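A.B. asks:
In this note's numbering, the protein residues as written are 1 to 133.
1) Do residue 77 and residue 23 count as a contact pair if the criterion is CB distance below 9 Å?
2) Relative to the C-alpha of residue 75, which residue among 34, 52, 98 and 100 is closest?
3) For residue 82, report the span of its alpha helix (DSSP H) as first-last.
4) Just to confirm my understanding: we take residue 11, look at its own chain, exclude 5 residues before and 5 after, and list those with CB closer than 6 Å. What are they?
5) Under the rule that 16 or more other beta-carbon atoms within 10 Å means buried, what is residue 36, buried or exposed?
6) Residue 159: buried (16+ other C-beta within 10 angstroms of its C-beta) or exposed?
7) Along the chain, where does the alpha helix (DSSP H) that runs through residue 116 open and close?
8) List the residues that DSSP assigns as beta-bridge partners of residue 97.
9) In angstroms, rounded to a whole number, what distance separates the CA positions of residue 88 and residue 126?
10) Here's a check: name, in chain order, each residue in its chain whose Cβ is nearer than 8 Å to the Cβ of residue 61, leaving out the five neighbours to either side.
11) Output the distance between the C-alpha atoms of residue 50 and residue 39, rounded to the nearest integer angstrom.
12) Inspect the beta-carbon positions of residue 124 and residue 68 and report whether they are closer than 9 Å.
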């Protein structure tokens, strides 16, 4: 279950709340962890190098807060639509678990979720760990 974990980071408060839980996954034996962020293409373009570098530095700061132990941790940044890119990244790395923070802005079968979390829940065939902020 913890062979290839995709951890979605949106650089909000919800992402900071997730860090102790992500560390617990590492402590439990996660082997490879991908910290993943999507910069929405409607807000920024690939040409916006300064913004890309800023986001990359923030993601590397998240990476630096984790005690990797025997877990390989890498950072991936993508431009585009959030839900599509999360699901595509999960497929590309053959994720055995997707970790998402939730904000409680959506509603799926009696559970308060953020809209992205809700869309990923609906679209994913992989196990999910949802962490409320």
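All C-beta atoms in this analysis are idealised placements derived from N, C-alpha and C, irrespective of residue type, glycine included.
Keep in mind that this is a model prediction, so the values were computed, not measured.
C.D. replies: By the coordinates alone:
1) The count along the chain shown starts at 1 and reaches residue 23 at position 23. The count along the chain shown starts at 1 and reaches residue 77 at position 77. Contact: no.
2) Position 75 of the chain shown, counting from 1, holds the residue named residue 75. Cα-wise, what sits closest to residue 75 is 34.
3) Within the chain shown, the letter at position 82 stands for residue 82. 82–93 is the extent of the alpha helix (DSSP H) around residue 82.
4) Sequence index remark: in the chain shown, residue 11 carries index 11 (1-based). Within the same chain, residue 11 has close Cβ partners 58.
5) The residue given as residue 36 occupies position 36 in the chain shown. Residue 36 is buried by the Cβ-count criterion.
6) Limits of the chain in this structure are 1 at one end and 133 at the other, which puts residue 159 out of reach.
7) Here residue 116 corresponds to residue number 116 of the chain shown, with the count starting at 1. From DSSP, the alpha helix (DSSP H) with residue 116 extends over 115–123.
8) Position 97 of the chain shown holds residue 97. DSSP, once it has assigned bridges, lists 5 as partnering residue 97.
9) Taking the first residue of the chain shown as position 1, residue 88 is located at position 88. Taking the first residue of the chain shown as position 1, residue 126 is located at position 126. In a straight line, the C-alpha of residue 88 is about 12 Å away from that of residue 126.
10) On the chain shown, residue 61 is found 61 positions in, with the first residue counted as 1. If we look at residue 61 and ignore the five residues flanking it on each side, it has no Cβ neighbours.
11) Stepping through the chain shown from its first residue, residue 50 is reached at position 50. Stepping through the chain shown from its first residue, residue 39 is reached at position 39. Using only the alpha carbons, I get a separation of about 13 Å.
12) Stepping through the chain shown from its first residue, residue 124 is reached at position 124. Stepping through the chain shown from its first residue, residue 68 is reached at position 68. No; because the gap between Cβ atoms is not below 9 Å, this pair is not in contact.
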